[in-house]
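To start, the structure under review is shown below, and the notes come after it.
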């Protein structure tokens, strides 16, 4: 019987070999099966053949440990006992192997040579951990064919040209600006080979778009030589030309962070490339990129071109192994609500962090070992072998194209300079630095290799290098003539998000009453054959009754009507977050479950027609990755309302990097605009320091140049208008929405349906007038208004007016001035339930002094370190004291 090196019969035969040696060593069901084999079957699966199959399986499972992956040869030589043991069990007779489609009969020694050539040379595959035997068989077969195939002239030409161009670029920049940080590609030039090969495979397969999330190492070189960035534009950025064109809102960023949008012609087809800008906070770009890719895929599905967007991520070894966000990312890639249809991960493994060695930065053999937990195949490749690198790229692309799942390439290379060109690596890595200094460049090594095999390939590649060198020189001489707007346009990755959907910044967002009634009927109607929980049926019935009578609309109903109205008008809606479908506070019930069989019905989906989508997605228990993903989606699809909801606003701090590096600053740095809604349930209610505050003060500290909106709606109508305005405004900026908790059930917190009707809009300031002569105006925001107003009415206080600031930023100066005009001599007080060092007081005091020219008094809790205390008794006592002080003060 022939034993295929490809295919997965070796799995069966390996088990059989173990059974023959020790029946107790295999699972019981397999032991029963082997025992049942009759005498006619047994000779067909003899012990020698089973031992040979186990030999093959050993190389598949452990070959990567002995693979020659380190170009510097500094890694210790490892002898894997499992390989030797498997060889010892193979008989002395001839061995039959089917290798890459050919059946051969060889000696045991020759069989080992072939197996080592495939699995232990310059490229290695880890796939034994894959759950599906068919997946394992398929990738083993393809891998063997790619590794054993002779490289054609195209591969040699393309690979060498990629190496030569990258080397030429780095030398040119080093010559012109020797003291500039560029985080050069030297030592990892094969990354350019892999990227080009993936783009070529994508173009050949008819994919139209690649969304790239990168990192700093080699970024400038790959932008110039792989992704087709304009050389005059790139040189302008490297030189440090101010491309902000005098716009004080636009700060720009360093050149190795900037993005690119363009088209790359691969000869076999063209692909649109979007290289996302990224901050120095490693990995955070990854979920942004996969989110953008997912949104682009859904847009193209609507246009009849599904599956034509490829997400491609680049990482460093230290970041991939060290950043917890990687685990979040890989988890999300396998979930239906977040999968971008498979991501290709390229890990540029230069075997060091900044100065941290692998043994200090990770506890695993490879930096990519985490991928095994998520059923991801991993290809390891020696960075000094561009042919092997190209083969790994083709296998990776084919896997993703076939399965729609992630794949990882671990490019083992080195860093010829320090962390950057001004760093001195000899201080902390003297041995590696000495080896690198003696090690020939990849340009020299691969040029010699190609010359000995194909003079034509070498000359073609070198001609490409010469032409690129000419273009570099020409770009350097002419870059100052380049218009700054042209430089800026190329770095704007999503130009379609430049403006909002409407023509007004603060448009009317009401809906005619008849449409509201029809929408109310749609969101409360369920099929006759669906049996919901009795409390859910009551919930739907109550909601419909309030809509029908036109009063007592609560917060949850207002939100549902906002979603419904947008869907009705042709705007897709996506809500994502932990437990968001039901709602943390049991307020939403977007999905109705049949109590008999678990069948699900989503009323809002009945309004999503003609390609319009309504998606409500319960997220994994993470904030960082999911928020970054939703932000990425919002960049790529400006005509959809995206809402990410934290379980409690307090948990936003788990995603602070995404907030700081992208959401509040990406427009200033990279001209990337988003209208994402970040919904943060907020309010002190005696539930302790971790279920009280969205840390409004932190968000307000990030406000400048109208980069975001910050709002605390205290009425259902205002929540309705806020959500609709987010998609109807001409101004595309994120909204930090301090979402209701106790207000969801506060009986005083209700709106009439007429407040949602035509001619209405969001009210940034709401004044509750004093019934008599006004001596004091109490400004506040959020739910504390209802406590203040209750005491004011209960005690008959006639000289206090209450002014709710529903939008904290942009500061509603005009509306506040109008509210103050009626009471020019009244005392101004700010009342809040948050501690003095938190909440909005410091911000509001400054804004009043600058814009209204009036100081604010303060009533609230004293400064404390946590957001709130843990005692409900103390909370209620303090709350009563605050309200009393605000209403009765100075009487």
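Residue numbers (my numbering): 817 to 1707.
Glycine included, C-beta positions come from ideal geometry on N, C-alpha and C.
Since the model is a prediction, treat every value here as computed from it, not as a measurement.
Check, Outcome
"Look at residue 1390 and residue 1397 and say whether their C-beta atoms are less than 9 Å apart.", "no"
"Does the stretch 1478 to 1496 come close enough to the stretch 1134 to 1151 to have 3 or more Cβ pairs within less than 8 Å?", "no"
"Measure the alpha-carbon distance for residue 1083 versus residue 1016 and round it to whole angstroms.", "8 Å"
"Put residue 1789 into one of helix, strand or coil per three-state DSSP.", "No answer is possible for residue 1789: it lies beyond the span of the chain, which begins at 817 and ends at 1707."
"Comparing C-alpha positions only, which one of 990, 966, 1270, 1323 sits nearest to residue 1539?", "1323"
"Is it buried or exposed for residue 1703, if we count other Cβ within 10 angstroms and need 16 for buried?", "buried"
"Is the shortest distance between the beta-carbon of residue 909 and the beta-carbons of chain B less than 9 Å?", "In the displayed structure, chain B is absent; only one protein chain is listed."
"For residue 1327 and residue 1381, I'd like the C-alpha separation in whole angstroms.", "8 Å"
"Give every residue of the same chain whose Cβ lies closer than 7 Å to the Cβ of residue 1049, excluding the five residues on either side of it in the sequence, and list them in chain order.", "1298, 1302, 1303, 1306"
"Mind checking whether residue 916 and residue 874 have CB atoms under 9 Å apart?", "no"
"Which one of 1330, 1103, 869 has the shortest CA to CA distance from residue 1574?", "1330"
"If you count every other CB in all the chains shown that lies within 10 Å of the CB of residue 895, and 16 or more means buried, which is it?", "exposed"
"Between residue 1280 and the rest of its own chain, which residues show a CB-CB distance below 6 Å, the 5 nearest in sequence each way excluded?", "977"
"According to DSSP, what are the bridge partners of residue 1643?", "1592"
"By the three-class DSSP mapping on this structure, what secondary structure does residue 913 have?", "strand"
"State the beta-bridge partners of residue 1456 as determined by DSSP.", "1388"
"Considering only residues of the stretch 865 to 936, which uninterrupted beta strand (DSSP E) runs meet the minimum length of 3 residues and lie entirely inside it, listed in chain order?", "911 to 915, 918 to 922"
"So, are the CB atoms of residue 1174 and residue 1226 less than 9 Å apart?", "no"
"Going by alpha carbons, who is nearest to residue 1416 out of 1455, 1345, 1373?", "1345"
"For residue 854, does the three-state DSSP call read helix, strand or coil?", "At residue 854, the pLDDT of 45 sits below 50, so the modelled position is not reliable; the number obtained from the coordinates is stated separately. Here residue 854 sits in coil by DSSP."
"Could you tell me which residues DSSP puts in a beta bridge with residue 1623?", "1527"
"Report all residues from its chain with a CB closer than 7 Å to the CB of residue 1694; omit the five preceding and five following residues, and keep chain order.", "1677"
"Take residue 996 and list the residues in its own chain whose beta-carbon comes closer than 8 Å to its own, dropping the five residues that flank it on each side.", "989, 1054, 1237"
"For the stretch 1646 to 1705, which segments carrying the alpha helix (DSSP H) assignment without a break, of at least 4 residues, lie completely within its bounds, in sequence order?", "1657 to 1663, 1688 to 1704"
"By the 10 Å Cβ neighbour count, where 16 or more other Cβ atoms means buried, how is residue 931 classified, buried or exposed?", "buried"
"Hey, residue 1461 and residue 1545: beta-carbon distance below 9 Å or not?", "no"
"Near residue 1269, which residues of its chain fall below 7 Å by C-beta distance, leaving aside the five closest residues on each side in sequence?", "972"
"By the three-class DSSP mapping on this structure, what secondary structure does residue 860 have?", "The pLDDT assigned to residue 860 is 46, lower than 50, so where the model puts this residue is not dependable; a value taken from the coordinates is nonetheless given after this. Residue 860: helix per DSSP, three-state reduction."
"Can you tell me whether DSSP reads residue 1031 as helix, strand or coil?", "coil"
"At what residues does the alpha helix (DSSP H) containing residue 1013 begin and finish?", "1006 to 1020"
"Please report the distance separating the alpha-carbon of residue 1688 from that of residue 1151.", "39 Å"
"Helix, strand or coil: which one does DSSP assign to residue 1552?", "strand"
"Exposed or buried, what is residue 1666 when buried is set at 16 or more other beta-carbons lying within 10 Å of its beta-carbon?", "exposed"
"Rounded to whole angstroms, what is the Cα-Cα separation between residue 1364 and residue 1372?", "16 Å"
"Taking only three categories from DSSP, how would you classify residue 1127?", "strand"
"Between the Cα of residue 1464 and those of 1505, 1492, 928, 1013, spot the shortest distance and give me the residue it belongs to.", "1505"
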